[in-house]
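Undergrad: I have a structure I would like to understand better, so I am pasting it below and will then ask my questions one at a time.
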Amino acid sequence: MSLLLSRRDLSFMLYDWLAVESLCERPRYADHSRETFEAALDTSEAIATDKFAPHNRKSDLNEPTFDGERVHMIPEVGEALRAFCDAGLMAAAQDYDLGGMQLPTVVDKACMAWFMAANIGTAAYPFLSIGNANLLLAHGTPAQIDAFVRPQMTGQFLGTMCLSEPQAGSSLSDVATRAVPDAAPDAAGDPLGPRYRLFGNKMWISAGEHELSENIVHLVLAKIPGPDGKPVPGVKGLSLFAVPKRIIKRDGTLGERNDVVLAGLNHKMGYRGTTNTLLNFGEGRHRPGADLGLDPAAGAIGWLVGQPGQGLAAMFHMMNEARIGVGLGATVLGYTGYLHALEYARNRPQGRLMGPAGKNAAAPQVPIVRHPDVRRMLLAQKAYVEGALGLNLYCARLVDDQHTHPDEAARAEAELLLDILTPIAKSWPSQWCLHANSLAIQVHGGYGYTRDYPVEQFYRDNRLNPIHEGTHGIQGLDLLGRKVVMQNGAALAALEARLRRDLGRAQAGEDAELQGYALQLDTRWRRLLAVTRELWDSGDPLLTLANASVYLEAFGHVVLAWVWLQQAMAVKGDDDFAQGKRQACRYFFAWELPSVDPQLDLLASLDTTTLDMQEGWF
Numbered sequence: 001m002s003l004l005l006s007r008r009d010l011s012f013m014l015y016d017w018l019a020v021e022s023l024c025e026r027p028r029y030a031d032h033s034r035e036t037f038e039a040a041l042d043t044s045e046a047i048a049t050d051k052f053a054p055h056n057r058k059s060d061l062n063e064p065t066f067d068g069e070r071v072h073m074i075p076e077v078g079e080a081l082r083a084f085c086d087a088g089l090m091a092a093a094q095d096y097d098l099g100g101m102q103l104p105t106v107v108d109k110a111c112m113a114w115f116m117a118a119n120i121g122t123a124a125y126p127f128l129s130i131g132n133a134n135l136l137l138a139h140g141t142p143a144q145i146d147a148f149v150r151p152q153m154t155g156q157f158l159g160t161m162c163l164s165e166p167q168a169g170s171s172l173s174d175v176a177t178r179a180v181p182d183a184a185p186d187a188a189g190d191p192l193g194p195r196y197r198l199f200g201n202k203m204w205i206s207a208g209e210h211e212l213s214e215n216i217v218h219l220v221l222a223k224i225p226g227p228d229g230k231p232v233p234g235v236k237g238l239s240l241f242a243v244p245k246r247i248i249k250r251d252g253t254l255g256e257r258n259d260v261v262l263a264g265l266n267h268k269m270g271y272r273g274t275t276n277t278l279l280n281f282g283e284g285r286h287r288p289g290a291d292l293g294l295d296p297a298a299g300a301i302g303w304l305v306g307q308p309g310q311g312l313a314a315m316f317h318m319m320n321e322a323r324i325g326v327g328l329g330a331t332v333l334g335y336t337g338y339l340h341a342l343e344y345a346r347n348r349p350q351g352r353l354m355g356p357a358g359k360n361a362a363a364p365q366v367p368i369v370r371h372p373d374v375r376r377m378l379l380a381q382k383a384y385v386e387g388a389l390g391l392n393l394y395c396a397r398l399v400d401d402q403h404t405h406p407d408e409a410a411r412a413e414a415e416l417l418l419d420i421l422t423p424i425a426k427s428w429p430s431q432w433c434l435h436a437n438s439l440a441i442q443v444h445g446g447y448g449y450t451r452d453y454p455v456e457q458f459y460r461d462n463r464l465n466p467i468h469e470g471t472h473g474i475q476g477l478d479l480l481g482r483k484v485v486m487q488n489g490a491a492l493a494a495l496e497a498r499l500r501r502d503l504g505r506a507q508a509g510e511d512a513e514l515q516g517y518a519l520q521l522d523t524r525w526r527r528l529l530a531v532t533r534e535l536w537d538s539g540d541p542l543l544t545l546a547n548a549s550v551y552l553e554a555f556g557h558v559v560l561a562w563v564w565l566q567q568a569m570a571v572k573g574d575d576d577f578a579q580g581k582r583q584a585c586r587y588f589f590a591w592e593l594p595s596v597d598p599q600l601d602l603l604a605s606l607d608t609t610t611l612d613m614q615e616g617w618f
């Protein structure tokens, strides 16, 4: 059995629960079948196992370095990416005319899960490029798609997203990078769109500099000066620009270096195989323009993507995709940690079980998996990671419905469900699958805290996920402050309709245990809705949102209980796999779901303890 993921579990979720074969009835996926889906999964598992996993530890111990001119990294990273791109996986979900396979999103994400589990550092390069390309497909012009997207589909180019800045962090309204219209006479008629010169700094840019591809396409948020010549304040002043590392000449070939310069690499706790960079735009080391027939001038050359002032709205296309992707990465890091802990527990003899007459010191030691507390830790991990994987794939299935469902109302419903589930799909796995990694270390005991076993790296790699693409606190603000009240609660109503449909199915069945789960979930859901109303009835938005992270955690546990109820209803038979699914569901309802009760009580009390805390009291 693979120690990356469980193929049996993936098959159960895709075919028995999410019914992905039914997608083949839609025109976009008419050429596909279970056989083609399985072939894509086979290829992904093989490349992940043979090309990505073997250098996971090596890239952690030999992180990229910068000599002032070039970034150096171990050659296995590039070899793995070539295998990934040569298999057509960069464009797996794209249209045929882009060289794609038109795989359903849910199958594509199941394929990507193998690479994230095998080597999250190397997998980050295609992950970011796919998101970059999808944004440009949604908001770019045909010329921009030809120039920037098509080369990414083959791996000739790779891509990034450039939002944060040293002084701004997550506060994007404080972005200071500026973009001024290129003064050249032909700038307005550039076939790639309005051309600008960019000046500023971007921090925490993953994959921001390397030599893994011929070019890097940076998608950069910057501010265009207003009529008074000053940047427009707030996020409404943000526009989006495609800024390549190397200029694309009039004939489509690559030319001179753009004025995008690596100022330095950030050295991280984990995720070390991905370069993480501070980039300077327009510092003057390069003065591009000659390859466009211009006099070389100051500033990095960039082309406007979409409309001026609409940059953040466009960037959210990539950010939301990245948030679900971060949740998937967190999930599979927890999953592979669980499988490693399970293998260790089955093979590590230690101690003896208590019998009627006590312990028999002369008896052979037993594998630690036979000790109840070790089984508790393994069962908790199983409940976290299989629940989280279910949530991630459910969201991916919603993306397919959003884009391809034949019914317009169903497409709109899928979009609403994605809106409200995205902060949970990002944050819940980032919190609880990280905890699964902690438990995996605990199962290993002292060995787990050494570098002799990979579980310590899984934990370090996963610790990034509660931070990037919107911290845990930001996801809580997004959920409570925006998603549950947007369009007069339309997304919340859509989620309730889905949940009540599944509660009805469970209650109408003959399985008393599932009926009991449905009752427990129904009680918590009603309480969650009541607390949501109480929070917003306070009349003070600051008080309403003060404990948004607690709200996010409670909401997330309720959603995961719903995911587990669905899995328990879908699983059939009495083999070990089916019994394990039911036991993990039983664990979640007995051990995890009740934890939301004190959280909801705290929220309903409108407690001001943290809000009232003064800086000087710390």
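Okay, so the sequence shown: first residue is 1 according to UniProt numbering, each after it adds one.
Just so you know, even glycine gets a beta-carbon here, dropped at the ideal spot from N, CA and C.
Judging by CA-CA distance, which residue of 372, 350, 555 and 237 is the nearest neighbour of residue 363?
TA: Checked all of 372, 350, 555 and 237; the closest Cα to residue 363 is 350.
Undergrad: Going by the CB atoms, is the gap between residue 512 and residue 569 shorter than 8 Å?
TA: No, the pair does not count as a contact, with Cβ atoms beyond the cut-off.
Undergrad: Using only the heavy atoms of the ligand MG, determine whether one of them is closer than 7 Å to the beta carbon of residue 111.
TA: As far as ligands go, the structure on display features none, and thus does not contain the ligand MG.
Undergrad: Excluding five sequence neighbours on each side, which residues of the same chain lie with their C-beta closer than 6 Å to the C-beta of residue 44?
TA: Counting only Cβ-Cβ distances below 6 Å, and skipping sequence neighbours, we find 111 and 114.
Undergrad: Could you give the DSSP three-state label for residue 196: helix, strand or coil?
TA: Three-state result, residue 196: strand.
Undergrad: Let me check understanding here. Comparing Cα to Cα, which of 484, 577 and 602 lies closest to residue 7?
TA: It is 577.
Undergrad: Can the beta-carbon of residue 152 be found closer than 8 Å to that of residue 217?
TA: Yes, Cβ-Cβ distance for residue 152 and residue 217 is below 8 Å.
Undergrad: Okay, do the region 329-347 and the region 381-392 touch, 3+ Cβ pairs below 8 Å being the bar?
TA: In short, these stretches touch, since the Cβ pair count reaches three.
Undergrad: Look at the alpha carbon of residue 63 and the alpha carbon of residue 530, and state the distance between them as a whole number of angstroms.
TA: Their Cα atoms are separated by approximately 49 Å.
Undergrad: Alpha carbon to alpha carbon, what distance is there between residue 521 and residue 558?
TA: Those two C-alpha atoms are separated by around 7 Å.
Undergrad: Measure from the alpha carbon of residue 306 to the alpha carbon of each residue in 268, 135 and 479, then state which is nearest.
TA: Checked all of 268, 135 and 479; the closest Cα to residue 306 is 135.
Undergrad: Buried or exposed: which applies to residue 9, given that a residue is buried once 16 or more other Cβ atoms fall within 10 Å of its Cβ?
TA: Its Cβ being crowded by 16 or more others within 10 Å, residue 9 is buried.
Undergrad: Work out the CA separation of residue 544 and residue 5 for me, nearest whole Å.
TA: Approximately 40 Å between the Cα atoms of the pair.
Undergrad: Buried or exposed: where does residue 555 fall if 16 or more other Cβ atoms within 10 Å of its Cβ makes it buried?
TA: By the neighbour-count rule (16 or more Cβ atoms within 10 Å), residue 555 is buried.
Undergrad: To which residues of the same chain is residue 594 closer than 7 Å at the C-beta, ignoring the five residues directly before and after it?
TA: Once the five neighbours on either side are set aside, residue 594 has no close Cβ partner at all.
Undergrad: Enumerated in chain order, which unbroken segments of the alpha helix (DSSP H) with a length of 4 residues or greater are wholly contained in the region 96-150?
TA: Runs found: 105-118 and 120-139.
Undergrad: When you compare the CB positions of residue 435 and residue 384, do they come within less than 8 Å of one another, or not?
TA: In this structure, residue 384 lies closer than 8 Å to residue 435 by Cβ.
Undergrad: Determine, using beta carbons only, whether residue 223 and residue 160 come nearer to each other than 8 Å.
TA: Against a cut-off of 8 Å, the Cβ pair of residue 160 and residue 223 comes out as no contact.
Undergrad: Using the rule of at least 16 other Cβ atoms within 10 Å of the residue's Cβ for burial, across every protein chain shown, is residue 542 buried or exposed?
TA: Residue 542 should be labelled exposed.
Undergrad: By the three-class DSSP mapping on this structure, what secondary structure does residue 278 have?
TA: In this structure, residue 278 counts as strand in the three-state DSSP scheme.
Undergrad: With H, G and I counted as helix, E and B as strand and the rest as coil, what does DSSP make of residue 238?
TA: Residue 238 falls in the strand class under three-state DSSP.
Undergrad: Going by DSSP in three states, residue 202 sits in which element: helix, strand or coil?
TA: In this structure, residue 202 counts as strand in the three-state DSSP scheme.
Undergrad: Run the CB neighbour count on residue 213, radius 10 Å, all protein chains shown included, and call it buried at 16 or more, exposed below.
TA: When all chains shown are included, residue 213 counts as buried.
Undergrad: Could you check which residue in 328, 297, 424 and 553 has the C-alpha nearest to that of residue 184?
TA: Ranking 328, 297, 424 and 553 by Cα distance to residue 184 puts 297 first.
Undergrad: By DSSP, does residue 610 sit in helix, in strand, or in coil?
TA: DSSP places residue 610 in helix when its eight states are reduced to three.
Undergrad: From residue 220 to residue 231, what distance separates their C-alpha atoms?
TA: Distance between the alpha carbons of residue 220 and residue 231 is about 16 Å.
Undergrad: So residue 416 packs on residue 494, CB below 8 Å; how close in whole Å?
TA: Residue 416 to residue 494, Cβ: 4 Å. Contact.
Undergrad: Classify residue 353 as helix, strand or coil using the three-state DSSP reduction.
TA: Coil.
Undergrad: Helix, strand or coil for residue 547? Go by DSSP, reduced to three states.
TA: Coil, per DSSP.
Undergrad: Might you give, ordered along the chain, the residues of its own chain that have their beta carbon closer than 7 Å to the beta carbon of residue 87, omitting 5 neighbours on each side?
TA: Hits under 7 Å: 43 and 47.
Undergrad: Tell me whether the region 163-183 and the region 137-153 touch, counting them as touching only if at least three CB pairs, one residue from each stretch, are closer than 8 Å.
TA: Verdict: no, contact absent.
Undergrad: Report the partner residues of residue 157 according to the DSSP bridge assignment.
TA: DSSP, once it has assigned bridges, lists 215 as partnering residue 157.
Undergrad: Pairing CB atoms from the region 96-107 with CB atoms from the region 280-295, are three or more of them under 8 Å?
TA: Taking 8 Å as the limit for Cβ pairs, the verdict is that the region 280-295 does not touch the region 96-107.
Undergrad: Near residue 326, which residues of its chain fall below 6 Å by C-beta distance, leaving aside the five closest residues on each side in sequence?
TA: So the qualifying residues of the chain are 426, 465 and 469.
Undergrad: Over the uninterrupted alpha helix (DSSP H) stretch that includes residue 301, give me the two end residues.
TA: Premise fails: residue 301 lies in the beta strand (DSSP E), 300-305, not in any alpha helix (DSSP H).
Undergrad: Among the candidates 401, 378 and 451, whose CA atom is the shortest distance from the CA of residue 433?
TA: Measuring from the Cα of residue 433, the nearest candidate turns out to be 378.
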